[in-house]
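Q: Here you go, one structure.
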Amino acid sequence: MTISTALNRAHHQLLKTDPSIIVLGEDIVGGAGLDGKELGGVFGVTAGLAARFGKDRIIDTPISETAFVGMAVGAAMTGLKPIVEVMFCDFIGVCFDQISNQAAKTRYLSNDKIDMSLVIRTTMGAGDGSGAMHSQSLHGMLAGVPGLIVVCPSTPADAAGLLKAAVASPHPVVMLEHKGLYEDEAAVDDTLPAVQIGKGRNVREGDDVTVVAISAMEKVCEKAVEQLATRGIGVDLIDPRTVQPLDMETIFASLEKTGRLLVVDEGPLFGGFADQVISAAVTGGHHLLRTAPQKLTPPQSPVPYGRLLEADWLLDAGKVINKIDEMLYQG
Amino acid sequence: MKQLLDLYAKASFIRAFELHIAVASEAGHVPGLVHLCSGAELVEVAVCSMLSGPKDQVTGSHRSHGIALAMGADPVAVAAEILGRVGGLSKARGGTQHLIAPESGFLASNGIVGAQVPLAAGAALTAKTKGTEGIAVTFFGDGAANQGAVLETMNLAVALELPLLFVLENNGLGQSTSASYASGDADLLVRAESFGLKTAAVDGYDGEGALKVAAELVEFVRSTGRPAFIEASVPRLSGHYFGEKADYLAHHLADDPLTDLAEKLDTEACSAVRAEAEKAAQDAVTEALNMAEACPAPSSGATL
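Just so you know, the sequences run in chain order B and S. Sequential numbering of the first sequence, starting at 88, is according to this note's numbering. Sequential numbering of the second sequence, starting at -17, is according to this note's numbering.
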């Protein structure tokens, strides 16, 4: 099953079970005000929902991110459980007050009287020629806002399972889905069980170096790990799945084995997810580290458009292998 | 006359509350700045008296003490929250700009100008989705009238047919900037009309008129499920924040709507009842504030 299908099925299951769940966003039904066939969202995640659950619960909005994200926050404050789609995470800037001040702070400011069962689904990632304003990876920035939970699934099971956990959470959750992974296939349990927020996954076991990566970078690292294995290099690959709260326990357990840390991330070179993992590893696990922890990210520049420029900007298995070789060569 | 006396009594309660908060602020008992609603009471009470929380939900700006009280939030808890005490609505996590009392129908006030407006659209969506027959009301000032969040929500409420009443309290000043300057002299009621909203104007000195318009528009929103918009002209009697000392304030003096209403009630031969209501309101406020002042402040780390 693909990530897109797993997410679609999870939506169907959730909406069927809980009448307080609503789904809203731009073009998630598609063709509003026209007589055409439903679009089902740009990536097909919301296909067939309106036909089954009605347009009172599956709501196409005008292009007004501030208003509809804010409306979803208010709906969550009054007892609904909205799943909101913000088409690209690049658009978060347009509605950042409603996310960072309203969604993130309301439960705290109410002294936990008000639950914020709000899920914001959005997309992230470069690699499809979408240009600088449809390609960013803003999970690190979002995770820096106290009150927000941030998750970045890399598999169909995690996408569906984290969505279910997010809907059940009393805290607001932003889920960033990588555009390049929607058609990735993997086996899943038909019931699509919830995945615990804040719990990482050990993707591959190895003793030489710990590699931490989420979302599409986890997939890139899997390829690198396979090639390194043919040369007898063992990588312990960890997919934290949740950016905030971060599962440092799993990372420390791995560092006990390897003593070396590499974080591979599509977020920014400065002040991003990679920096935060390294900071937490050093401050809490300095005694476990045999060498200086390293990070591999794209350069600190907007995502370029031209095919070769974008390919240069992106990370791939080759760059990961080079970095790991460099680390092992240096000690 | 009974309705007008009630309006006066509730407005007097809010005025006395704000005056007590001002005293507490001057005495250094309030952690930050307070934005008092003195001057806007008649409009706020008139609109809220047409509502019934928690079925109906209201959001407001940073200047929302009066609206929370008008919706029936516990005055001791409101005062304690403003004073930063454990007896507060949120045990001092929120404060004056973050009053949250959804059990009374006061969903939340807000520290970001205009941000409370989309939140009310959410309360309206919940009422619509769950079929509660409740409505949502959002109060905001002329300073918020040009915020994207407000303008977007005016459109969204029309597009999605939400039971939402917008109440623009135009006091002529966004902090120290005049409303006419900030809006390029545009007529904000006409602007709202152009979004497709049913609109009405209220004179903040006319209690009777405020009750009438509030009743009409609340009934319209409730019965049609569609949004409407009130522009109320109100004075701002105590500065942007209490204690503000700035030159521009001298150019913006205004009469007190409560004095006007008291005179009207007195000429209609109920001066004794009116004075009694005012005294009762003041006594109730004194008692509430004393109780709030008696609450301890949270100890360090208690709310984390």
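Note that the Cβ used here is the ideal one computed from N, Cα and C, for glycine as well.
Less than 8 Å between the C-beta atoms of residue 220 (chain B) and residue 277 (chain B), yes or no?
A: Contact: no.
Q: Specify, as a first and last residue, the run of the beta strand (DSSP E) that residue 212 (chain S) falls within.
A: 210 to 215 is the span of the beta strand (DSSP E), which, as asked, contains residue 212 (chain S).
Q: Leaving out five residues before and five after residue 150 (chain B) in sequence, what residues of the same chain have Cβ atoms less than 7 Å from its Cβ?
A: Once the five neighbours on either side are set aside, the close Cβ partners of residue 150 (chain B) are 113.
Q: So if I threshold CB-CB distances at 8 Å, which residues from the region 53 to 81 of chain S count as touching chain B?
A: Within the region 53 to 81 of chain S, the qualifying residues are 71, 72, 73, 75, 76 and 80.
Q: At the level of alpha carbons, what is the spacing between residue 282 (chain S) and residue 156 (chain B)?
A: When rounded, the distance between both Cα atoms is 34 Å.
Q: With the cut-off set at 8 Å, would you say residue 16 (chain S) and residue 187 (chain S) are in Cβ contact?
A: Against a cut-off of 8 Å, the Cβ pair of residue 187 (chain S) and residue 16 (chain S) comes out as no contact.
Q: What did DSSP end up calling residue 56 (chain S) once you bin it into helix, strand or coil?
A: Of the three classes helix, strand and coil, the one that applies to residue 56 (chain S) here is coil, per DSSP.
Q: Under three-state DSSP, which class holds residue 159 (chain S)?
A: Looking at residue 159 (chain S) - three-state DSSP - the assignment turns out to be strand.
Q: Output the boundary residues of the alpha helix (DSSP H) element that contains residue -3 (chain S).
A: First-last of the alpha helix (DSSP H) with residue -3 (chain S): -16 to 8.
Q: Less than 8 Å separating the beta-carbons of residue 351 (chain B) and residue 307 (chain B)?
A: Cβ atoms of residue 351 (chain B) and residue 307 (chain B): closer than 8 Å.
Q: Can you tell which of B:384, B:378 and B:285 has its C-alpha closest to the C-alpha of residue 355 (chain B)?
A: If we check each option's Cα against that of residue 355 (chain B), B:384 comes out closest.
Q: In chain order, what residues of the same chain lie with their CB nearer than 8 Å to the CB of residue -13 (chain S), ignoring the 5 residues before and after it?
A: Only 247, 252, 255, 256 and 259 meet the Cβ criterion.
Q: Expressed to the nearest angstrom, what Euclidean distance is found between the alpha-carbon atoms of residue 334 (chain B) and residue 285 (chain B)?
A: If I take the Cα positions, the gap works out to 6 Å.
Q: Can you tell me which of the three DSSP states residue 374 (chain B) falls into?
A: Here residue 374 (chain B) sits in helix by DSSP.
Q: Residues of chain B with CB closer than 7 Å to the CB of residue 39 (chain S), please, in chain order.
A: Neighbours of residue 39 (chain S) on chain B, chain order: 165.
Q: Can you check whether the C-beta of residue 143 (chain B) is within less than 8 Å of a C-beta belonging to chain S?
A: Yes - at least one Cβ of chain S is within 8 Å of the one on residue 143 (chain B).
Q: For residue 169 (chain B), does the three-state DSSP call read helix, strand or coil?
A: Strand.
Q: Under 7 Å between beta-carbons, which chain S residues line up against residue 151 (chain B)? List them in chain order, please.
A: By Cβ distance, chain S contributes 134, 137 and 138.
Q: Looking only at its own chain, which residues have a Cβ that is under 6 Å from the Cβ of residue 97 (chain S), when we skip the five neighbours before and after it?
A: Same-chain partners within the cutoff: 131.
Q: In angstroms with no decimal places, state the Cα-to-Cα distance between residue 157 (chain S) and residue 241 (chain B).
A: Whole-angstrom Cα-Cα distance: 48 Å.
Q: DSSP puts residue 120 (chain S) in a beta bridge; with which residues?
A: Per DSSP, S:41 and S:148.
Q: In whole angstroms, what is the alpha-carbon distance linking residue 349 (chain B) and residue 366 (chain B)?
A: Those two C-alpha atoms are separated by around 12 Å.
Q: Identify whether residue 242 (chain S) lies in helix, strand or coil by the three-state DSSP scheme.
A: Three-state result, residue 242 (chain S): helix.
Q: Can you find a CB in chain S that lies within less than 8 Å of the CB of residue 421 (chain B)?
A: Since the displayed chain B opens at 88 and closes at 418, residue 421 (chain B) lies outside it and no answer follows.
Q: In or out: residue 142 (chain B) buried (at least 16 other Cβ within 10 Å) or exposed?
A: It counts as exposed.
Q: Compare the C-beta of residue 251 (chain B) with all C-beta atoms of chain S and state if any pair is closer than 8 Å.
A: So, not an interface residue.
Q: Between the region 170 to 183 of chain S and the region 211 to 220 of chain S, can you find at least three pairs of beta-carbon atoms closer than 8 Å?
A: Short answer: they touch.
Q: I'd like to know whether the C-beta atoms of residue 201 (chain B) and residue 193 (chain B) end up nearer to each other than 8 Å.
A: The answer is yes: Cβ separation under 8 Å.
Q: The alpha helix (DSSP H) with residue 88 (chain S) in it runs from where to where?
A: Taken as a continuous stretch (DSSP letters only), residue 88 (chain S) belongs to no alpha helix (DSSP H), being part of the beta strand (DSSP E) at 88 to 90.
Q: Give me the Cβ distance between residue 28 (chain S) and residue 262 (chain S), rounded to the nearest whole Å; I'm assuming they're in contact under 8 Å.
A: In fact, because the Cβ distance is near 20 Å, the residues do not count as touching under 8 Å.
Q: To the nearest angstrom, how far is the alpha carbon of residue 304 (chain B) from that of residue 250 (chain B)?
A: Distance between the alpha carbons of residue 304 (chain B) and residue 250 (chain B) is about 20 Å.
Q: Cα separation between residue 407 (chain B) and residue 386 (chain B)?
A: Going from the Cα of residue 407 (chain B) to the Cα of residue 386 (chain B) covers about 14 Å.
Q: Any idea which residues DSSP pairs residue 317 (chain S) with across the strands?
A: Nothing can be reported for residue 317 (chain S): it is not among the residues displayed for chain S, which extend from -17 to 286.
Q: For residue 264 (chain S), which residues from the same chain have a beta carbon less than 6 Å from its beta carbon, with the 5 sequence-adjacent residues on both sides left out?
A: Answer for residue 264 (chain S): -2, listed in chain order.
Q: Are residue 184 (chain B) and residue 94 (chain S) close, meaning C-beta to C-beta below 8 Å?
A: A contact, by the Cβ cut-off of 8 Å.
Q: For residue 381 (chain B), count neighbouring C-beta atoms within 10 Å of its own C-beta (all shown protein chains included) and say buried if the count is 16 or more, exposed if not.
A: With 16 or more other Cβ atoms within 10 Å, it is buried.
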